[in-house]
Amino acid sequence: MTEGARVATRPEAQPREAATHCPYCALQCGMVLRQTGRRIEVTPRQFPTNRGGLCQKGWTAAELLDHPDRLTTPLLRDRPGAGLRPASWDEALDRIAAGLRSIQHRHGPDAVAVFGGGGLTNEKAYALGKFARVALRTRHIDYNGRWCMSSAAAAGLRAFGVDRGLPFPLADLGRADTLLLVGANPAETMPPLLRHLAEQRERGGRLIVVDPRLTATARQADLHLQPLPGTDLAVANALLHIALTEGWLDRAYVADRTTGFDEVRRTVAGYWPAEVERLSGIPVADLEATARALATVDRAIILTARGAEQHAKGVDTVTAFINLALALGLPGRPGSGYGCLTGQGNGQGGREHGQKADQLPGYRRIDDPAAREHVAGVWGVDPATLPGPGVPAYQLLDSLGTADGPRALLVFGSNPVVSAPRAARVESRLRDLDLLVVADFLRSETAELADVVLPVAQWAEEDGTMTNLEGRVLRRRALREPPPGVRTDLAVLAALADRLDAPKTAFPTDPRLVFAELRRASAGGPADYAGISWDRIDADTGVFWPCPDLDAPDTPRLFADRFPTPDGRARFRAVTHRPAAEPVCGDYPLHFTTGRVLAQYQSGAQTRRVAALRRAAPGGFVELHPDLAERLGVADGEEVRVVSRRGELRAPARLSAAIRPDTVFAPFHWPGAARANSVTNDAVDPVSGMPEFKICAVRVEKP
Numbered sequence: 006m007t008e009g010a011r012v013a014t015r016p017e018a019q020p021r022e023a024a025t026h027c028p029y030c031a032l033q034c035g036m037v038l039r040q041t042g043r044r045i046e047v048t049p050r051q052f053p054t055n056r057g058g059l060c061q062k063g064w065t066a067a068e069l070l071d072h073p074d075r076l077t078t079p080l081l082r083d084r085p086g087a088g089l090r091p092a093s094w095d096e097a098l099d100r101i102a103a104g105l106r107s108i109q110h111r112h113g114p115d116a117v118a119v120f121g122g123g124g125l126t127n128e129k130a131y132a133l134g135k136f137a138r139v140a141l142r143t144r145h146i147d148y149n150g151r152w153c154m155s156s157a158a159a160a161g162l163r164a165f166g167v168d169r170g171l172p173f174p175l176a177d178l179g180r181a182d183t184l185l186l187v188g189a190n191p192a193e194t195m196p197p198l199l200r201h202l203a204e205q206r207e208r209g210g211r212l213i214v215v216d217p218r219l220t221a222t223a224r225q226a227d228l229h230l231q232p233l234p235g236t237d238l239a240v241a242n243a244l245l246h247i248a249l250t251e252g253w254l255d256r257a258y259v260a261d262r263t264t265g266f267d268e269v270r271r272t273v274a275g276y277w278p279a280e281v282e283r284l285s286g287i288p289v290a291d292l293e294a295t296a297r298a299l300a301t302v303d304r305a306i307i308l309t310a311r312g313a314e315q316h317a318k319g320v321d322t323v324t325a326f327i328n329l330a331l332a333l334g335l336p337g338r339p340g341s342g343y344g345c346l347t348g349q350g351n352g353q354g355g356r357e358h359g360q361k362a363d364q365l366p367g368y369r370r371i372d373d374p375a376a377r378e379h380v381a382g383v384w385g386v387d388p389a390t391l392p393g394p395g396v397p398a399y400q401l402l403d404s405l406g407t408a409d410g411p412r413a414l415l416v417f418g419s420n421p422v423v424s425a426p427r428a429a430r431v432e433s434r435l436r437d438l439d440l441l442v443v444a445d446f447l448r449s450e451t452a453e454l455a456d457v458v459l460p461v462a463q464w465a466e467e468d469g470t471m472t473n474l475e476g477r478v479l480r481r482r483a484l485r486e487p488p489p490g491v492r493t494d495l496a497v498l499a500a501l502a503d504r505l506d507a508p509k510t511a512f513p514t515d516p517r518l519v520f521a522e523l524r525r526a527s528a529g530g531p532a533d534y535a536g537i538s539w540d541r542i543d544a545d546t547g548v549f550w551p552c553p554d555l556d557a558p559d560t561p562r563l564f565a566d567r568f569p570t571p572d573g574r575a576r577f578r579a580v581t582h583r584p585a586a587e588p589v590c591g592d593y594p595l596h597f598t599t600g601r602v603l604a605q606y607q608s609g610a611q612t613r614r615v616a617a618l619r620r621a622a623p624g625g626f627v628e629l630h631p632d633l634a635e636r637l638g639v640a641d642g643e644e645v646r647v648v649s650r651r652g653e654l655r656a657p658a659r660l661s662a663a664i665r666p667d668t669v670f671a672p673f674h675w676p677g678a679a680r681a682n683s684v685t686n687d688a689v690d691p692v693s694g695m696p697e698f699k700i701c702a703v704r705v706e707k708p
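At position 98 of the sequence shown the residue is numbered 103 (this note's numbering), and the sequence of numbers has no breaks.
As structure tokens, then:
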């Protein structure tokens with residue numbers, strides 16, 4: 006977790022220092038950057054989330070600031086099939102503006118789309134959503150967070166009336182008597198969080214992990230439930246069935262603070278533990294032990310993550326675990342409740358202020374007339390000119406270049422060529438565009454396909470705010486200016502808006518001014534930032550939203566007295582298990598699932614360029630149970646081919662008894678032959694638009 010300080014080099018004369026936050030996961034660990042001459046030193050700082058720890062990614066984060074692959078000049082493709090060449094900023098921006106004008110003149114405003122990233126600062130996410138609706142007037146904007154938090158967000162909104170990943174401070178984890186992690190592997194995805202789990206264990210708490218693999222997190226658990234992928238919903242209903250049978254229902258809580266329980270009671274009555282054991286593979290005794298551990302203690306927390314959520318029934322799966330938490334009376338009590346672990350950095354704030362297809366700033370619905378009027382007033386435009394809802398991320402990407410789909414796409418902070426499901430199809434769609442523009446600081450796999458690539462600033466070169474997995478708004482502080490030739494995303498949007506004849510004052514380049522406008526736009530919305538200022542954040546360890554007034558306290562813990570629903574009550578919703586969108590069969594007899602490894606992050610465009618991380622995790626692999634490998638005649642390290650109905654990946658086999666014999670696993674950080682998302686299913690959840698990354702049918706064979 007900690008080691009000697011890592012350094013990067015750059016010629017600078019004056020020492021500088023910035024207290025900031027790690028650019029990777031939603032834990033947003035506190036760190037200090039110190040630059041002396043050519044050296045940039047990273048050290049952890051004591052902060053409530055990481056408590057002085059960093060993972061290997063955080064320690065090495067500064068090494069990308071002056072990486073040889075860093076882009077410092079715009080790149081332009083003169084014609085299809087030609088290579089990318091250096092260009093001036095004026096030439097690149099003029100090319101983009103002319104292309105956008107021409108496409109929209111021929112095909113209408115919705116012929117241009119915007120695809121954002123959950124890792125953008127709040128200011129950039131807000132400006133990007135505003136740019137799409139005001140400068141482009143297109144309804145087509147969505148972002149890669151659709152593939153991270155959308156199912157949990159939709160379930161939270163449906164049950165609680167609000168989406169905040171953790172509706173309580175992270176420190177509550179250490180106080181829980183029982184902690185149930187469902188589809189979460191923080192030991193590899195956010196290692197400093199384990200300091201909170203260690204505190205929980207030291208207090209005598211019990212950790213239970215639900216995961217098809219015996220992960221690094223599951224190895225630390227008191228009890229590991231290893232279900233068949235895609236059966237988590239049935240498991241949750243069985244746990245509630247047991248709790249009701251044993252008389253563990255919190256009757257007063259359910260009566261006073263919820264609605265809809267009777268239908269849920271009738272539904273879960275059919276989820277007999279023995280039936281769910283046959284479906285999921287989890288022994289009845291383990292189901293009973295889990296229900297008892299949650300229901301018979303003073304404080305219990307249920308957390309879900311991508312393993313439970315990245316399914317075509319992800320919203321209903323999360324709902325089932327929320328039902329369990331409500332029946333036990335957990336939400337709103339200190340050290341108890343339901344929450345989900347947001348994945349990518351600013352995955353929380355990135356979805357609150359306008360990047361999602363159906364939302365306006367402050368988590369307002371774009372089809373709500375009052376919301377449209379409020380935000381349009383802040384933006385100085387007629388509400389009637391704001392476009393309506395767009396479509397979720399995969400539907401948007403799958404429509405690119407088609408007869409009725411967008412003909413141009415602007416990408417900020419994302420790499421869908423590697424990260425999208427059915428990635429070969431998405432790559433083909435990107436190639437069909439009339440204009441693809443990518444703003445990035447490296448030549449990602451998506452940037453390699455672009456007609457124009459714009460070099461933008463990195464995390465240590467910009468001020469702004471981020472919102473971590475707790476809903477705590479933090480300050481990102483710049484250590485230095487961007488290198489010559491590099492602009493911030495805010496400057497890029499302002500320059501494009503100017504060329505598209507949007508009011509120049511509508512797109513300031515100063516992030517402090519953008520945040521001030523964000524506060525006004527979010528005021529009165531579910532994610533109300535009106536009472537949050539940079540100075541207030543600086544004076545403390547961040548500020549929790551909602552915070553409607555500068556003189557009022559913030560809200561570290563939600564639901565203490567009421568839920569933000571019209572009647573103040575949480576809503577139960579009956580949900581039933583259904584099979585995966587693609588069942589196994591004779592031709593594709595195995596279940597395939599994906600995930601992350603400790604040393605890499607998301608599509609790997611950044612971490613694959615860091616030498617220490619590349620040494621720790623040099624390439625993709627396919628994890629197989631030894632019994633399966635023996636049946637296939639595959640040796641450890643031997644290359645195998647994983648084939649689905651959509652594509653294939655090739656990578657060395659890694660034999661491990663940590664995985665079920667009917668399931669194979671591959672990490673999704675690598676492009677090319679080892680691209681796991683060449684295989685994954687593009688079936689989506691009907692409510693959230695979340696693709697079914699976590700299960701599809703495959704066969705494994707030798708090449």
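Even for Gly, the Cβ is constructed at its ideal location relative to N, Cα and C.
Just so it is clear, the structure is predicted and the values come from calculations on it, not from any experiment.
- Considered as a whole, the stretch 640-680 harbours 644-648, 653-660 and 668-672 as its complete beta strand (DSSP E) runs of no fewer than 3 residues, in chain order.
- CA-to-CA, the gap between A241 and V627 works out to about 29 angstroms.
- In this structure, L333 is the residue among L333, S424, G529 and R138 with its C-alpha nearest to the C-alpha of A257.
- With fewer than 16 other Cβ atoms from the protein chains shown falling within 10 Å of its own Cβ, K707 counts as exposed.
- Assignment of Y368 by DSSP, reduced to helix, strand and coil, places it in the coil class.
- A279 and L292 have their C-alpha atoms some 10 angstroms from each other.
- Rounded to the nearest whole angstrom, the CA to CA distance from D556 to R482 is 24 angstroms.
- For A617, the three-state secondary structure derived from DSSP is helix.
- For the pair L105 and A499, the CB atoms are not nearer than the 8 angstroms cut-off.
- In the three-state reduction of the DSSP assignment, A118 falls in the strand class, which pools E and B.
- Taking a 10 Å sphere around the C-beta of R517, we find fewer than 16 other C-beta atoms and assign the residue as exposed.
- Measuring C-alpha to C-alpha distances from C345 to each of Q364, T324 and Q360 identifies T324 as the nearest.
- In the DSSP assignment, I537 falls outside any beta strand (DSSP E), carrying neither H nor E.
- With a minimum length of 3 residues, the unbroken runs of beta strand (DSSP E) contained wholly in the stretch 566-620 fall at 595-600.
- Under the three-state reduction of DSSP output, I287 falls in the coil class, being neither helix nor strand.
- Counting along the chain, the unbroken beta strand (DSSP E) around Y343 starts and ends at G342 to C345.
- Annotated three-state conformation of R144 is coil, per DSSP.
- Where V443 is concerned, there is no enclosing alpha helix (DSSP H), although the beta strand (DSSP E) around it starts and stops at L440 to D445.
- The stretch 359-371 makes contact with the stretch 128-137: 3 or more CB pairs, one atom from each, lie closer than 8 angstroms.
- Looking at the backbone, the Cα of R144 and that of V119 are separated by about 9 angstroms.
- Taking V669 as the centre and dropping the five residues before and after it, the same chain places the C-beta of L595, F597, V627, E628, L629, V647, V703 and V705 closer than 7 angstroms to its C-beta, in chain order.
- Closest option to L329, judged by alpha-carbon separation, among N420, S608, S155 and L245: L245.
- For G35, the enclosing beta strand (DSSP E) covers residues G35 to T41.
- For Q349, the secondary structure class from DSSP, reduced to helix, strand or coil, is strand.
- Taking 8 angstroms as the cut-off, the Cβ atoms of D439 and I108 count as close.
- Restricting attention to beta strand (DSSP E) runs no shorter than 3 residues, the stretch 389-430 encloses them at 413-417, ordered along the chain.
- Residue A157 holds the alpha-carbon nearest to the alpha-carbon of V167 among A157, Q225, L175 and P174.
- In this structure the stretch 304-323 lies against the stretch 692-699, because at least three pairs of beta carbons, one per stretch, are closer than 8 angstroms.
- For A87, the three-state secondary structure derived from DSSP is coil.
- With a cut-off of 8 angstroms on Cβ pairs, the stretch 412-429 is in contact with the stretch 441-454, counting three or more such pairs.
- Look at the beta carbons and you see the stretch 160-179 not touching the stretch 377-394: under three pairs across the two are nearer than 8 angstroms.
- Here H201 carries a helix assignment [DSSP, helix/strand/coil].
- Runs of the alpha helix (DSSP H) lying entirely within the stretch 297-328 and spanning at least 4 residues, in chain order: 311-314.
- A132 is the residue among L563, A132 and R39 whose C-alpha sits nearest the C-alpha of A526.
- Taking every protein chain shown into account, the CB of E96 has fewer than 16 other CB atoms within 10 angstroms, so this residue is exposed.
- Take A160, set aside five residues on each side of it, and the residues of its chain with a beta-carbon closer than 7 angstroms to its own are V320, V323, T324 and I327, in chain order.
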